[in-house]
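Quick note on numbering: this note's numbering labels position 128 of the sequence shown as 128, and the sequence is numbered without any gaps.
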Amino acid sequence: MNDSGAVAVHIADAAAESGISLVASLPDGWITPLIMQFSVDSRFRHVPVNREESAIGLCSGAFFGGIGAFALMGASGFLTCIYAITKINYTYQIPLLIGITLRGRPGDHAKFHQSNALYLEPVMRAIDIPFVAIERGEDIPQLAIAFRHSRVLSRPVVVGFSREMLRGEA
């Protein structure tokens with residue numbers, strides 16, 4: 001991996017191979033190349049949403065139509081979805097793959113995202129949602145494993161993308 005475009009293609013390939021055909025996303029600077037890839041890739045129907053909870057609802061509903069779906073958002077947006085996830089997905093045992101950015105880690109100079117590093121993983125542990133960090137290009141195949149695991153559990157699984165991996169630097 002040597003650039004964000006190649007990384008985006010690799011992630012899209014892993015998603016398609018997993019059986020994902022619907023991607024709902026909310027804009028985030030780190031995942032812009034990935035969102036662009038999903039929006040132009042004919043293997044996917046990409047739906048931009050205006051709220052992260054809309055991505056959760058849309059992708060959860062797609063499950064009942066036999067459609068593999070991927071909700072893609074920033075870390076802070078994911079944190080706004082806890083009620084939707086526990087109410088919809090946990091109550092009705094709906095599998096879902098959720099992709100997030102791993103904001104607030106060392107090297108992220110955006111001060112307003114530092115709270116993500118403090119609370120993101122503890123919140124995920126508090127609701128017992130499985131989490132897979134995708135921090136290097138060679139970790140991208142873990143996306144398919146996480147998607148299948150969500151089906152086995154009948155619950156959501158989160159994959160977190162590091163900035164370095166998304167840029168093709170790791």
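Glycine included, each C-beta is placed from N, C-alpha and C at the ideal position.
(Q) Do Leu-166 and Leu-34 count as a contact pair if the criterion is CB distance below 9 Å? (A) Here the question's residue 34 lines up with position 34 in the sequence shown. Here the question's residue 166 lines up with position 166 in the sequence shown. Contact: yes.
Just confirm the distance between the C-beta atoms of Ala-69 and Ile-134, as a whole number of angstroms; I'd bet it's less than 8 Å.
Here residue 69 refers to the residue found at position 69 of the sequence shown. Here residue 134 refers to the residue found at position 134 of the sequence shown. At roughly 18 Å, the Cβ-Cβ gap does not stay under 8 Å, so Ala-69 and Ile-134 are not in contact.
field: Distance between beta carbons of Ser-150 and Leu-97, contact taken as under 8 Å
entry: The count along the sequence shown starts at 1 and reaches residue 97 at position 97. The count along the sequence shown starts at 1 and reaches residue 150 at position 150. The beta carbons of Leu-97 and Ser-150 sit about 5 Å from each other, so the pair counts as a contact at 8 Å.
Q.
For Arg-148 and Cys-81, what's the separation of their Cα atoms in angstroms?
A. Your numbering for residue 148 matches position 148 in the sequence shown. Your numbering for residue 81 matches position 81 in the sequence shown. Between Arg-148 and Cys-81, the C-alpha separation is close to 22 Å.
Notebook entry, point to check: Mind checking whether Gly-160 and Leu-120 have CB atoms under 9 Å apart?
Noted result: Taking the first residue of the sequence shown as 1, we reach residue 160 at position 160. Taking the first residue of the sequence shown as 1, we reach residue 120 at position 120. Yes, Cβ-Cβ distance for Gly-160 and Leu-120 is below 9 Å.
Nonlocal neighbours in the same chain, by C-beta distance under 6 Å from Met-1, ignoring five residues either side: For this step, residue 1 is matched to residue 1 along the sequence shown. Interpretation of Met-1 is limited by its pLDDT of 45, a score under 50 that renders its predicted location unreliable; the figure taken from the coordinates is listed afterwards. Answer for Met-1: Val-7, Gly-137, Gly-168, listed in chain order.
- Would you please state the rounded distance, in angstroms, between the beta carbons of Ile-31 and Thr-101? I believe it to be under 8 Å. Here residue 31 refers to the residue found at position 31 of the sequence shown. Here residue 101 refers to the residue found at position 101 of the sequence shown. Your pair Ile-31 and Thr-101 checks out as a contact, with CB atoms roughly 6 Å apart and the cut at 8 Å.
Problem set entry | Any chain D beta carbon closer than 9 Å to Ile-98 | Of the chains in the structure shown, none is chain D; there is only one protein chain.
As a quick exercise: from Arg-51, Pro-95, Ser-115, Phe-44, pick the residue whose alpha carbon is nearest that of Val-158. Looking up residue 158 in the sequence shown gives position 158. Of Arg-51, Pro-95, Ser-115, Phe-44, the residue nearest in Cα terms is Pro-95.
Candidates Val-40, Ile-127, Gln-114: closest to Gly-5 by CA position
Position 5 of the sequence shown, counting from 1, holds the residue named residue 5. The option with the nearest alpha carbon to Gly-5 is Val-40.
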